[in-house]
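Trainee:
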Amino acid sequence: KEKHKILHRLLQNSTSPVEL
Amino acid sequence: NCGIMHRIAQNIIKSHLETCQYTTEELQQLAWQTHSYEEVKMYQSKPRDVLWQQCAIQITHAIQYVVEFAKRISGFMELCQNDQILLLKSGCLEVVLVRMCRAFNPLNNTVLFEGKYGGMQMFKSLGCDDLVSAVFDFAKSLCSLQLTEEEIALFSAAVLISTDRPWLMEPRKVQKLQEKIYFALQHIMQKNHMDEDALAKLISRIPTLSALCTLHTEELQAFQQLHPETVNVLFPPLYKELFNP
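Residue numbers (this note's numbering), protein chains in the order written: chain A, 20 to 39; chain B, 180 to 424.
#1: Are the beta-carbon atoms belonging to B:Leu-391 and B:Phe-317 less than 8 Å from one another?
#2: In whole angstroms, give me the CA-to-CA distance for B:Phe-255 and B:Gly-298.
#3: Along the chain, where does the beta strand (DSSP E) that runs through B:Thr-430 open and close?
#4: Using a C-beta cutoff of 8 Å, does B:Ile-238 count as contacting chain A?
#5: I'd like to know whether the C-beta of B:Leu-364 is nearer than 8 Å to at least one C-beta of chain A.
#6: Could you give the first and the last residue of the continuous beta strand (DSSP E) run that contains B:Val-412?
#7: Over the uninterrupted beta strand (DSSP E) stretch that includes B:Leu-230, give me the two end residues.
#8: Using a 10 Å radius around the Cβ and a threshold of 16 neighbouring Cβ atoms, would you call B:Trp-231 buried or exposed?
#9: From the beta carbon of B:Asn-190, is the nearest beta carbon of chain A less than 8 Å away?
#10: Does B:Asp-343 come out as helix, strand or coil in the three-state DSSP assignment?
#11: Between the alpha carbons of B:Asn-180 and B:Ala-336, how many angstroms are there, rounded?
#12: Between the Cα of B:Ile-187 and the Cα atoms of B:Leu-324, B:Ser-304 and B:Ala-363, which residue gives the shortest distance?
#13: For the alpha helix (DSSP H) containing B:Tyr-361, name the first residue and the last one.
#14: For B:Gln-263, return the contacting residues in chain A, with the cut-off set at a CB-CB distance below 7 Å.
#15: Please list the partners that B:Val-246 has in chain A, where partner means a Cβ-to-Cβ separation under 8 Å.
#16: For chain A, is any of its Cβ atoms less than 8 Å away from the one on B:Leu-267?
#17: In this structure, does DSSP put A:Asn-32 in helix, strand or coil?
#18: Tell me where the alpha helix (DSSP H) around B:Gly-270 begins and ends.
#19: Is it buried or exposed for B:Gln-403, if we count other Cβ within 10 angstroms and need 16 for buried?
#20: Output the boundary residues of the alpha helix (DSSP H) element that contains B:Gly-182.
#21: Measure the C-alpha to C-alpha separation of B:Ala-210 and B:Arg-281 and round it to an integer number of angstroms.
#22: Assuming B:Ile-264 and A:Leu-26 make a contact with CB atoms under 8 Å, what is their CB distance in whole Å?
This is the structure in structure tokens:
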């Protein structure tokens, strides 16, 4: 988890198509 | 079960369309807008590390959309966190390469890069002609299959949700999801293609995808040895997290 903290954060974030 | 398969297909197609950087219409409009001779010369005269950095930024941007695609696939977020990360780490670049065929014009062998289309020569100063030409060959061969947007969506999901990745903690769960995706892909390909071997041809491209990703890692390692500072300081953190040796 520590090694992939950005990927982990991206997976946790809720994103809408607009934000993309 | 046709109902389940249809639902899965619709969910993946919707996820794909919502998370593509460019719509099909946008790509069609851009298809013949190519970088001018002077612009190509400008790319060719860039220092190697500058163009590497630009490409790393573009790839990272594309990967963020792939992460979003994965998150929207029903069942993906129900996998354990270890497997979500593992599938994305090992498959995100493969999905970017599959998606790249949407932004590739096989009639003049050009790819969309920084707003306009350009040929292989645009990437000359990267110093990895083998990788660049292999990527272009792959895009051309995938384009020759004339996949629909729905097929690209399902194929992308099939590439991502793969039991071939080592160290999966719940391979059975991944396998169940993968099987459903393949059923949906098969169903859609049978509907769209006269060629009975179309699905087999598509699946036969998967080893090339993984070979391209290996080649990318090797080229990155070689580049990093010569320009460690560029990688450490200027490359996007996500790119380093995913590909750093």
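From the three backbone atoms N, C-alpha and C, an ideal C-beta is built for every residue, glycine too.
Mentor: In short:
#1: yes
#2: 36 Å
#3: The shown model of chain B, from 180 to 424, leaves out residue 430 of chain B, and the question about it has no answer.
#4: no
#5: no
#6: It is not in any beta strand (DSSP E) - B:Val-412 carries neither H nor E in the DSSP assignment.
#7: Taken as a continuous stretch (DSSP letters only), B:Leu-230 belongs to no beta strand (DSSP E), being part of the alpha helix (DSSP H) at 227-251.
#8: buried
#9: no
#10: coil
#11: 19 Å
#12: B:Ala-363
#13: 350-371
#14: Leu-30
#15: Leu-26, Leu-29 and Leu-30
#16: yes
#17: coil
#18: 260-279
#19: buried
#20: 181-197
#21: 10 Å
#22: 6 Å
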